[in-house]
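Oh and the sequence shown: position 274 is 274 in the UniProt record's numbering, straight run, nothing missing. Idealized CB from N, CA, C, for every residue including glycine. This report refers to the structure that appears directly beneath it.
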Amino acid sequence: MEKLFTVIDETATWLQEELKCSYLEAVAETGENLFHEDVLQEEVSELLKKRLQKEYASVHLHEWKNEHIRKALQLAMLKGMKEYVQPHHQMTPDAVSVFIGYLVDEFTKTYFSLSLLDPAIGTGNLMTAVLNQLTNKKVRSYGADVDDLLLKLAYVNANLQQHEIQLFHQDSLKPLFIEPVDVVVCDLPIGYYPDDENAKSFRLHAKSGHSYAHYLFIEQSIRYTKEDGYVFLVIPNTLFTSDESKQLHAFIKEETFIQGLLQLPLSMFKNEKAAKSIFILQKKGAHAKAPKQALLAQLPSFSNKEAMQAMVVKLEQWLKENRS
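Below you can see the structure in the form of structure tokens.
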């Protein structure tokens, strides 16, 4: 993985200097080159073209596991994110993405095929981490994002890992041109939604001023989930502490059955106020039912293998008792 990251990093740095673009844009460009096994940028000098081709030739993508490709790209993207300040979009931590993939696989054990949506796909890191856990299922995948650079990175991410993902460059809170899906995964963008007119089409819009984007994303996620389908959200722990949270709680209770709330380790966050959880919902339908008891847990540090194994045993026991 280190070798692949080094190739991506070095070639992106060269392209950044040559094309006078940001490092993150250069990562997207070099990712395209790697996928096509060629240098696609016509404006680069012959000398640089030869240097790039030599580096790309040293990498044989078919020899790499998807997770290695994803992690190498993720490291480069994280480096680029430091200069690309976009408060609504921070990459989902690696361990969280992989764990959500595990949860999706466990909750859909009986599915031979499924459809999957991330309405705030960003760079595609969460989506591809989930897809890498679903190798035993046929999956149709969709993602939307308003940011064209992040969407291009998602496209490169999907191509290099050979995942078919249909991507939409749009405001994700406007109508999506897809049918409802079996599973939605989303690391909620936190903040205010500026389009007050469009917000009015949501039940969770604010009575005055801007609406919370994260509330609207929850409603949009549920809206585009099939009956009996699942929603896996990364939410702030403060989600239910705002003035409008009663309305949100009532909406969730009316539309879904809460399956679980797993608090992420506090050690992952700079301060307690920034802490997050994984919120698992099932949309009501003919076959959906409330669990005997919702799965509530504080997750241990992902690096503590023994504690995580104990948590997985607890989770599998809960699934046995509640999903049969």
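- A Cβ-Cβ separation of about 7 angstroms places L233 in contact with I218 under the 8 angstroms criterion.
- Annotated as proximal: Q263 and S277, with beta-carbon spacing under 8 angstroms.
- Rounded to whole angstroms, the separation of the alpha carbons of D196 and G209 is 8 angstroms.
- Taking all protein chains shown into account, S172 has 16 or more neighbouring C-beta atoms within 10 Å of its C-beta and is therefore buried.
- Within the model, the alpha-carbon separation for A206 versus L248 is close to 11 angstroms.
- In this structure, Y230 sits near I280, with a CB-CB distance shorter than 8 angstroms.
- The Cβ atoms of V156 and F257 do not sit closer than 8 angstroms to each other.
- In summary, T135 is exposed, with fewer than 16 beta-carbon neighbours lying within 10 Å of its beta-carbon over all protein chains present.
- As summarised for the segment 37-122, the continuous beta strand (DSSP E) elements at least 3 residues long and confined to that stretch are 113-118, given in chain order.
- CA-to-CA, the gap between D9 and P291 works out to about 47 angstroms.
- Taking the Cα positions, L47 is about 13 angstroms away from Q41.
- DSSP assignment within the segment 118-158 yields the following whole beta strand (DSSP E) runs of 3 residues or more, N-terminal first: 138-145.
- DSSP places H214 in the uninterrupted alpha helix (DSSP H) bounded by A213 to R223.
- Counting along the chain, the unbroken beta strand (DSSP E) around H169 starts and ends at I165 to H169.
- By the Cβ-count criterion, F240 is exposed, with fewer than 16 other Cβ atoms from all chains shown falling within 10 Å of its own Cβ.
- A distance of 8 angstroms or more separates the beta carbons of F5 and A120.
- If you ignore the 5 residues before and after S97, its C-beta comes within less than 8 angstroms of the C-beta of N125, L126, A129 and V130, all in its own chain and listed in chain order.
- Contact between the segment 143-152 and the segment 106-120 is established, with three or more Cβ pairs separated by less than 8 angstroms.
- The C-beta distance from K137 to F112 rounds to 6 angstroms, short enough to fall under 8 angstroms.
- By alpha-carbon distance to Q309, the top candidate from K3, Y102 and C21 is Y102.
- Apart from sequence neighbours up to five positions away, the residues of its chain that approach F269 with a beta-carbon distance below 8 angstroms are A275 and K276, ordered along the chain.
- DSSP places F279 inside the beta strand (DSSP E), whose first and last residues are K276 to K283.
- For T225 and E17, the gap between their C-alpha atoms comes out near 44 angstroms.
- In the structure shown, A307 falls within a helical segment according to DSSP collapsed to helix, strand and coil.
- Under the DSSP assignment, Q298 falls outside any alpha helix (DSSP H), being part of the beta strand (DSSP E) whose first and last residues are L295 to Q298.
- A straight line joining the alpha-carbon of G80 with that of D105 spans about 31 angstroms.
- Taking the Cα positions, H60 is about 38 angstroms away from L315.
- By the criterion of a C-beta distance shorter than 7 angstroms, G285 is surrounded in its chain by E227 and D228, once the five residues flanking it on both sides are discounted.
- Closest in C-alpha terms to Y56, from the list Q161, S45, V39 and R70, comes V39.
- Taking the Cα positions, K152 is about 16 angstroms away from Q90.
- In the same chain as T92, and ignoring 5 residues on each side of it, the C-beta atoms closer than 7 angstroms to its own belong to N125, L126, D187 and V234, in chain order.
- Within the DSSP secondary-structure output, F202 pairs in no beta bridge.
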